[in-house]
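Trainee: Dropping a structure here in structure tokens format, bear with me for questions.
There are 2 protein chains.
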Amino acid sequence: MIQSVSRALHLLEILARSGGSARLKEISETAVLTVPTTHNLLNTLVALGYVRRRGGDTRYHLGDRILNIARVAGNDAQLRERLRPVLEAMYEATSETVFLAVPSGDDIYFLDAIESHQLLHVAGQPGERVSMTGSAIGQLFLAHNASLRARTYVPPDIQHELDRIARDGYATDHEQVFAGISAVAVPWIEDGEMLAGFGVAAPGNRLTPDRFPKLAAEMHNIISSHR
Amino acid sequence: MIQSVSRALHLLEILARSGGSARLKEISETAVLTVPTTHNLLNTLVALGYVRRRGGDTRYHLGDRILNIARVAGNDAQLRERLRPVLEAMYEATSETVFLAVPSGDDIYFLDAIESHQLLHVAGQPGERVSMTGSAIGQLFLAHNASLRARTYVPPDIQHELDRIARDGYATDHEQVFAGISAVAVPWIEDGEMLAGFGVAAPGNRLTPDRFPKLAAEMHNIISSHR
DNA sequence: CACGTTAATTCCACGATGCTGAATATTCAT
DNA sequence: ATGAATATTCAGCATCGTGGAATTAACGTG
Numbered sequence: 040m041i042q043s044v045s046r047a048l049h050l051l052e053i054l055a056r057s058g059g060s061a062r063l064k065e066i067s068e069t070a071v072l073t074v075p076t077t078h079n080l081l082n083t084l085v086a087l088g089y090v091r092r093r094g095g096d097t098r099y100h101l102g103d104r105i106l107n108i109a110r111v112a113g114n115d116a117q118l119r120e121r122l123r124p125v126l127e128a129m130y131e132a133t134s135e136t137v138f139l140a141v142p143s144g145d146d147i148y149f150l151d152a153i154e155s156h157q158l159l160h161v162a163g164q165p166g167e168r169v170s171m172t173g174s175a176i177g178q179l180f181l182a183h184n185a186s187l188r189a190r191t192y193v194p195p196d197i198q199h200e201l202d203r204i205a206r207d208g209y210a211t212d213h214e215q216v217f218a219g220i221s222a223v224a225v226p227w228i229e230d231g232e233m234l235a236g237f238g239v240a241a242p243g244n245r246l247t248p249d250r251f252p253k254l255a256a257e258m259h260n261i262i263s264s265h266r
Numbered sequence: 040m041i042q043s044v045s046r047a048l049h050l051l052e053i054l055a056r057s058g059g060s061a062r063l064k065e066i067s068e069t070a071v072l073t074v075p076t077t078h079n080l081l082n083t084l085v086a087l088g089y090v091r092r093r094g095g096d097t098r099y100h101l102g103d104r105i106l107n108i109a110r111v112a113g114n115d116a117q118l119r120e121r122l123r124p125v126l127e128a129m130y131e132a133t134s135e136t137v138f139l140a141v142p143s144g145d146d147i148y149f150l151d152a153i154e155s156h157q158l159l160h161v162a163g164q165p166g167e168r169v170s171m172t173g174s175a176i177g178q179l180f181l182a183h184n185a186s187l188r189a190r191t192y193v194p195p196d197i198q199h200e201l202d203r204i205a206r207d208g209y210a211t212d213h214e215q216v217f218a219g220i221s222a223v224a225v226p227w228i229e230d231g232e233m234l235a236g237f238g239v240a241a242p243g244n245r246l247t248p249d250r251f252p253k254l255a256a257e258m259h260n261i262i263s264s265h266r
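First to last, the sequence lines map onto chains R and D.
Using my numbering, read the first sequence as starting at 40 and increasing by one per residue.
Using my numbering, read the second sequence as starting at 40 and increasing by one per residue.
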């Protein structure tokens, strides 16, 4: 545990709790640090843009550079929270393992999941990752997002599958990726952009290809009713 | 400039730019730091909750503790930006010095201001502070916000003035606080909560008490038209 | 406006603290 | 299962951050 890092971040939280600004002495007292040490820490934060000083004011104010970081952290946290009810509805409707996934770097990241309670079920924990091309949900992202497609190598045989996905609005997988596992995925779209994908995964003998279109339609309905 | 603090915050930004998560090696390379140093910094951030590790994953993810800080920093920055046009409209309408103020700790903080160009005008710079009780805009906050009222000592003679303010939706000051200066303030309300206040301040002989109601109405109009 | 008081900033020397290279353990891919 | 890549632990040393003391600046008051 690096002392100065811990202290610096603590100072930022103190500033936040003071409504965005405070005096050096107040801060040092709240943090239980000597004034020069606090000064040193704060001025480092000022130099980096995380803290600002406005006008002739001697007070320290929270800067907005922290928003660079928060925008990304917040996106995921808020999205997970907002879409939790949708995920629960999908679980209610299917009794199978359901996922909420977002793109992260070059692959797919499971932001949230509810694991089926049936005797035979697909494992699913938030935090897992799968490749972009090798999963229904990943292909769904590729089909919807051109910039993602541009920086991912897409094998030719998948290409026309992506067209089908874009047309129908859902992606499927029948025991292609993992033996015995079928999956259907539908997109969550805001302002024309696919921000996340929902997936249902089940044993291949329970979730047969003939049920794909109906299940996808059902998932679309659940999404519509939660908008 | 404290090295470890600078480095730690840099790592957070790298994580943000990587879409919220990345591997230790990637991070260390991007940051141009040795792997153990990066490891040490990241694990400090993990211990503090600014970075998380999910599931059995060896990757590092942005945590949501940063949102504690960002919520406050973002509030101010976004509010100022969003309400700038309203402030400008008020300046257009009055040609007097206009303020945008928010509560900060136990007093009022001027988030933004446009100073009048008239020969005789009230000075106004963003970053200045006034006490909660001793200003029209402060009383406006006290009248609208019970929790603010609870933690501020309000002299009895001001008490019934607060009732009037709550009823009429504006606060005034005619040469009470600063000699020769009159002011009118109206609230900016979102979701039933007063987030900020707008103030117009002018020499007492230009802005006489008989003009208060009309000016307040005009300010209310400008606010309505910018919703 | 000058004075006294309080807060903020600079400086420096000491000593703890965090950095790095090397070794070990773990994870991942095949 | 095996090897390669990645992550974690460790410890010695140099560095960096800390806090006391002194200086300067801001603030409030009579």
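All C-beta atoms, glycine included, are put in the ideal place defined by N, C-alpha and C.
(1) Does any CB atom of chain D fall closer than 8 Å to the CB of R/Pro-226?
(2) For D/His-213, which beta-bridge partners are listed by DSSP?
(3) Under 8 Å, do D/His-265 and D/Ala-47 count as touching if we go by C-beta distance?
(4) Just the Cα atoms here: how many angstroms apart are D/Leu-254 and D/His-160?
(5) Looking at the C-beta of R/Met-258, does it have a partner C-beta in chain D at a distance below 8 Å?
(6) DSSP on D/Ala-55, reduced to helix/strand/coil?
(7) Show which residues of chain R have a CB atom less than 8 Å away from the CB atom of D/Pro-75.
(8) Report the three-state DSSP secondary structure of D/Met-233 (helix, strand or coil).
(9) What does a CB cutoff of less than 8 Å around D/Leu-101 pick up in its chain, not counting 5 residues either side in sequence?
(10) For D/Glu-127, which residues in chain R fall below 7 Å Cβ to Cβ?
(11) By the 10 Å Cβ neighbour count, where 16 or more other Cβ atoms means buried, how is R/Pro-226 classified, buried or exposed?
(12) Shortest alpha-carbon distance to R/Gln-117 belongs to which of D/Arg-119, D/Gln-117, D/Ile-105 and D/Val-125?
(13) Give every residue of the same chain whose Cβ lies closer than 8 Å to the Cβ of R/Lys-64, excluding the five residues on either side of it in the sequence, and list them in chain order.
(14) For D/Asp-151 and D/Leu-87, I'd like the C-alpha separation in whole angstroms.
(15) Of all Cβ atoms in chain R, is any one closer than 8 Å to the Cβ of D/Ile-204?
(16) Just grab the DSSP bridge partners of D/Asp-151 for me.
(17) Taking the straight line between their C-alpha atoms, what separation do you get for D/Phe-149 and D/Gly-173?
(18) Given R/Glu-214, which residues of its chain have a CB within under 7 Å of its CB, disregarding the five upstream and five downstream residues?
(19) Have a look at D/Ser-170, D/Glu-131, D/Val-169 and D/Leu-139 and flag the residue whose alpha-carbon is nearest the alpha-carbon of D/His-156.
(20) Going by Cα to Cα distance, which pick from R/Val-223, R/Thr-247, R/Phe-251 and R/Ser-263 is closest to R/Glu-229?
(21) In or out: R/Tyr-209 buried (at least 16 other Cβ within 10 Å) or exposed?
(22) Could you tell me which chain D residues have their CB closer than 9 Å to the CB of R/Pro-124, listed as they occur along the chain?
(23) List the residues of chain D whose Cβ lies closer than 9 Å to the Cβ of R/Asn-244, in chain order.
(24) Which bits of chain D does R/Tyr-89 rub up against, with CB to CB less than 7 Å?
(25) Going by beta-carbon coordinates alone, are R/Ser-57 and D/Thr-83 separated by less than 8 Å?
(26) D/Gly-177 and D/Ala-240 look like a contact to me (Cβ under 8 Å); what is the Cβ gap, rounded to whole Å?
(27) Please classify D/Gly-231 as buried or exposed, where buried requires at least 16 neighbouring CB atoms within 10 angstroms.
(28) Assuming D/Ala-189 contacts D/Leu-201 under a Cβ cut-off of 8 Å, what Cβ separation, rounded to an integer in Å, is found between them?
(29) Excluding five sequence neighbours on each side, which residues of the same chain lie with their C-beta closer than 6 Å to the C-beta of D/Val-141?
(30) Against chain D, with Cβ distances strictly below 8 Å, would R/Leu-153 count as a contact?
(31) Can you tell me which of D/Asp-249, D/Asn-260 and D/Leu-139 puts its alpha carbon nearest to the alpha carbon of D/Glu-167?
(32) For the putative contact between R/Val-223 and R/Thr-211, defined by C-beta atoms under 8 Å, what is the C-beta separation to the nearest angstrom?
(33) For R/Leu-80, count the other beta carbons within 10 Å of its own beta carbon; 16 or more makes it buried, fewer makes it exposed. Which is it?
(34) Following the continuous beta strand (DSSP E) through D/Arg-168, name the residue where it begins and the one where it ends.
(35) Whose C-alpha, out of R/Ser-43, R/Asp-103 and R/Pro-252, is nearest the C-alpha of R/Asp-207?
(36) Under the assumption that R/Met-171 contacts R/Asp-196 (Cβ atoms under 8 Å), give the Cβ distance between them as a whole number of angstroms.
Mentor: Well, looking at it:
(1) no
(2) D/Ser-221
(3) no
(4) 17 Å
(5) no
(6) helix
(7) Those do not exist, as D/Pro-75 stays about 13 Å from chain R at its closest Cβ, beyond 8 Å.
(8) strand
(9) Leu-51, Leu-54, Ala-55, Gly-59, Ser-60, Tyr-89, Val-90 and Arg-91
(10) Here the premise fails: no neighbours, minimum Cβ distance about 20 Å.
(11) buried
(12) D/Ile-105
(13) Val-74
(14) 34 Å
(15) no
(16) D/Leu-139
(17) 14 Å
(18) Ile-220, Ser-221 and Gly-243
(19) D/Glu-131
(20) R/Ser-263
(21) buried
(22) None at all; the shortest Cβ gap to chain D is about 19 Å.
(23) Here the premise fails: no neighbours, minimum Cβ distance about 28 Å.
(24) Leu-48
(25) no
(26) That pair is no contact at about 13 Å.
(27) exposed
(28) Not confirmed; about 13 Å, so no contact.
(29) Tyr-148, Leu-150 and Ala-235
(30) Per the sequence shown, residue 153 of chain R should be read as Ile rather than Leu. By this cut-off, R/Ile-153 is not an interface position.
(31) D/Leu-139
(32) 5 Å
(33) buried
(34) 168-170
(35) R/Pro-252
(36) 15 Å between Cβ atoms; not a contact.
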